[in-house]
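Right, one structure below, let's go through it.
Number of protein chains: 2
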Amino acid sequence: MKTIHVDLGDRSYPIFISSDLIASKTAQTLLADSIRGKQVMIVTNETIAPIYLKKVEQLLAHEYQVSSTILPDGESFKNLDTLNQIFTSLLESRHNRTTTLIALGGGVIGDMTGYAAASYQRGVDFIQIPTTLLAQVDSSVGGKTGVNHALGKNMIGAFKQPQSVIIDIDTLQTLDKRQFAAGMAEVIKYGLIWDSEFFKWIEDNIVQLVSRDPDTLQYAIAKSCEIKAAVVAEDETEKGLRAILNLGHTFGHAMETFGNYSTFLHGEAVAAGMVMATDLSERLGWLETGITDRLKKLNQQLNLPNSSPEGMDMDDYINYMSVDKKNLDSDIRLVLLMGLGKAIITTEYDKVVFESTLKDYCS
Amino acid sequence: MKTIHVDLGDRSYPIFISSDLIASKTAQTLLADSIRGKQVMIVTNETIAPIYLKKVEQLLAHEYQVSSTILPDGESFKNLDTLNQIFTSLLESRHNRTTTLIALGGGVIGDMTGYAAASYQRGVDFIQIPTTLLAQVDSSVGGKTGVNHALGKNMIGAFKQPQSVIIDIDTLQTLDKRQFAAGMAEVIKYGLIWDSEFFKWIEDNIVQLVSRDPDTLQYAIAKSCEIKAAVVAEDETEKGLRAILNLGHTFGHAMETFGNYSTFLHGEAVAAGMVMATDLSERLGWLETGITDRLKKLNQQLNLPNSSPEGMDMDDYINYMSVDKKNLDSDIRLVLLMGLGKAIITTEYDKVVFESTLKDYCS
Chain C
1 MKTIHVDLGD RSYPIFISSD LIASKTAQTL LADSIRGKQV MIVTNETIAP
51 IYLKKVEQLL AHEYQVSSTI LPDGESFKNL DTLNQIFTSL LESRHNRTTT
101 LIALGGGVIG DMTGYAAASY QRGVDFIQIP TTLLAQVDSS VGGKTGVNHA
151 LGKNMIGAFK QPQSVIIDID TLQTLDKRQF AAGMAEVIKY GLIWDSEFFK
201 WIEDNIVQLV SRDPDTLQYA IAKSCEIKAA VVAEDETEKG LRAILNLGHT
251 FGHAMETFGN YSTFLHGEAV AAGMVMATDL SERLGWLETG ITDRLKKLNQ
301 QLNLPNSSPE GMDMDDYINY MSVDKKNLDS DIRLVLLMGL GKAIITTEYD
351 KVVFESTLKD YCS
Chain G
364 MKTIHVDLGD RSYPIFISSD LIASKTAQTL LADSIRGKQV MIVTNETIAP
414 IYLKKVEQLL AHEYQVSSTI LPDGESFKNL DTLNQIFTSL LESRHNRTTT
464 LIALGGGVIG DMTGYAAASY QRGVDFIQIP TTLLAQVDSS VGGKTGVNHA
514 LGKNMIGAFK QPQSVIIDID TLQTLDKRQF AAGMAEVIKY GLIWDSEFFK
564 WIEDNIVQLV SRDPDTLQYA IAKSCEIKAA VVAEDETEKG LRAILNLGHT
614 FGHAMETFGN YSTFLHGEAV AAGMVMATDL SERLGWLETG ITDRLKKLNQ
664 QLNLPNSSPE GMDMDDYINY MSVDKKNLDS DIRLVLLMGL GKAIITTEYD
714 KVVFESTLKD YCS
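These protein sequence lines are chains C and G, in that order.
Numbering-wise, the first sequence is residues 1 to 363 according to my numbering.
Numbering-wise, the second sequence is residues 364 to 726 according to my numbering.
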């Protein structure tokens, strides 16, 4: 088992990464170490529940009062109404302030369960058991939780750190191809923004990654969590540096909002968004040429998109990007690259080049 | 002007208390000192807006992009749906992370605006301008924010401290009699739990208080804020001591839930709940006899209730009290008195005496 420590003072927590973990004695011990009260609420969705819910319940049934909430599956349900289902379930089963919520599922489940934990009775504990690659390498580090609003993604939420994160790599074996590729987009991101060696390692190991070789996956996940943990430790609440983790996300959020969260998966939107950010960086002369092509090649091998959803035009981008959270006052702030492994956050870029890049990625 | 400092490390803030403040140059300066960005959203309700909204807007219009949201008035609207109206309004006017929310109104507006500020884009600033006595002496200190759930009061929320609180005593002159009395219940509470001298001062000055003499009010409000600030400074997130501020509230929340938040005002429920808690303390032999009678006399002078809403019985109490946030696991935790000015939080009381007290306060 590999253990990554996310270092955030009194909100520090461990991430445990291993195969064959989710139904094991080891997981039972790890969970017991993180649960402070006698009540546990497992939050999961209709897709995950049939595969893993019983297994996790069985680890806990002897020691705790265990309840569960099964939510509909999908980003389109990541809203206040679905969040309220968690609160209703907690209140109906009389969970009090010492309860622990367990997020069993992908990023949507993690985000909503974390925000429910931040908000229920003004804050209870939670543990993450992420079952998608995206959730394992992204939402498991950093404590960003929340829900979407009809007018913008992740506009409502809280910073809330979990007690621990338990990652079983075997959960990725049953993950569908699109979801897996979407997670790989974030893995690639860590190379682009922070670690050129890791980017090259991904290129060298893309075949093993696509075939989901467990050892290769364990390395990629641990490395991704390490990089994200390093960034978050320096800037927990995104006052500055942390925003580099949003490479491709400003473009990507616009694509997701345009498609009402149903055209592209989050990771797919990020993949296409990173291509646009990288290409813009090259066009501005800030980044050596060739990186965009290497990124596009990786995306192709993973069947990830390299351009905008059909029908989306430049005005859609401008409109949706200008309500993005990263905009201080009114300029559109972007994460761009000054080199492979070197990201910056800026509003100081040539707006003409920006707009022509947008146009070239619209059909 | 009287200034109280709420001492919470890097979340410390000042409370300014004065007559003739809300439309003054002084208020303009105080606001400017607390606003860090260029955008401001004033959140108020249909009752307060016609009286004060323009005045506050005028203080800000020259310096900031000012928007406003007018919510329906009343505790029954303190829910996720109304909260979402604030988010919609913020997004429609394109408010970003540097915006400041201003809560202009009573406790419901303060609680919802504070929680909206805690949650919008995972946290923006907010300022309180409380216009009811209850909000001035209760919600203005301590950072408890949130909304109700159909199954329980204040079950969803966050701890969120304001940048500053601006209290204009003159707003109390137009406050209706019931609302004023409801606020006085909390003022009396501070005497009961913390300061026997202050309790006696209230008894001695009850006539001036009822007639809303400004100097007497200023003293009562400042003293109340000071006591609450002292308690909160020791225990910001209610791990222990802070729960004494809930004297009467466990009984009171049950009454409010029973009446679907429409029979008793919050302060009225607290007034009746404090009588029950005080009486129970006397019956247990923990509190000198006579305090309950003195409290009932104060309540009478203020036209506050001394017993349960009609039709409520013991089972209703047991049922609603057992989902209260103060219950660790399953026992009903109560705030009781060990003397005038000395409160404790405990589950260790005689359950037979507890139930017979409940019965005696049901019709």
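The C-beta atom is built at its ideal place from N, Cα and C for all residues, glycine as well.
The Cβ-Cβ distance between residue 157 of chain C and residue 134 of chain C does not fall below 9 Å.
Shown here, residue 396 of chain G sits in a helix according to DSSP, grouped into three states. The beta-carbon separation of residue 448 of chain G and residue 432 of chain G, rounded to 6 Å, stays under the 8 Å limit for a contact.
Contact between residue 43 of chain C and residue 101 of chain C holds: their C-beta atoms lie close to 6 Å from each other, under 8 Å. For the 9 Å CB-CB criterion, residue 248 of chain C and residue 231 of chain C do not form a contact. Only those residues of the stretch 423 to 451 of chain G whose C-beta falls short of 7 Å from the nearest C-beta of chain C are listed: 443, 447, 450, 451.
Nearest neighbour of residue 482 of chain G by Cα position, chosen from G:624, G:460, G:562, turns out to be G:460.
Proximity of the stretch 521 to 535 of chain G to the stretch 572 to 592 of chain G meets the contact definition, three or more beta-carbon pairs being nearer than 8 Å. The C-beta of residue 418 of chain G comes no closer than 9 Å to any C-beta of chain C. At a cut-off of 9 Å, the C-beta of residue 605 of chain G has no neighbouring C-beta in chain C. Counting along the chain, residue 346 of chain C sits inside the beta strand (DSSP E) bounded by residues 342 to 346.
For residue 156 of chain C, a Cβ of chain G is located within less than 9 Å of the residue's own Cβ.
With contacts defined as CB atoms closer than 9 Å, residue 721 of chain G and residue 709 of chain G fail to qualify as a contacting pair. In the same chain as residue 146 of chain C, and ignoring 5 residues on each side of it, the C-beta atoms closer than 7 Å to its own belong to 111, 115, 154, 156, 157, 158, in chain order. Scanning chain C for C-beta atoms nearer than 9 Å to the C-beta of residue 455 of chain G yields 151, reported in chain order. Taking one beta carbon from each stretch, the stretch 488 to 502 of chain G and the stretch 532 to 549 of chain G have 3 or more pairs nearer than 8 Å; the two touch. Counting only runs of 4+ residues, the alpha helix (DSSP H) found wholly inside the stretch 39 to 103 of chain C occupies 54 to 60, 80 to 92, in chain order. Of the residues G:659, G:468, G:678, the one whose Cα lies closest to the Cα of residue 618 of chain G is G:678.
Using beta-carbon distances, residue 491 of chain G does not count as an interface residue toward chain C, since no partner is under 9 Å. Residue 599 of chain G has a beta carbon lying at 9 Å or more from every beta carbon in chain C.
In this structure, residue 514 of chain G and residue 263 of chain C do not form a Cβ contact; the two beta carbons are roughly 37 Å apart against a cut-off of 8 Å. Residue 522 of chain G belongs to the set of residues whose beta carbon lies under 9 Å from a beta carbon in chain C. Secondary structure of residue 381 of chain G (DSSP, three-state): strand. Where residue 521 of chain G is concerned, the enclosing beta strand (DSSP E) starts and stops at 515 to 522. At a C-beta separation below 8 Å, residue 190 of chain C has no neighbours in chain G, since its nearest C-beta there lies roughly 22 Å away. Contact between residue 17 of chain C and residue 221 of chain C holds: CB atoms are separated by about 6 Å, below the 8 Å threshold. Between residue 507 of chain G and chain C, the shortest Cβ-Cβ separation is below 9 Å. For residue 471 of chain G, the uninterrupted alpha helix (DSSP H) run begins and ends at 470 to 482, by DSSP. Counting along the chain, the unbroken alpha helix (DSSP H) around residue 274 of chain C starts and ends at 266 to 283.
Legend: CB atoms of the stretch 173 to 185 of chain C lying less than 8 Å from CB atoms of chain G are not found in any residue.
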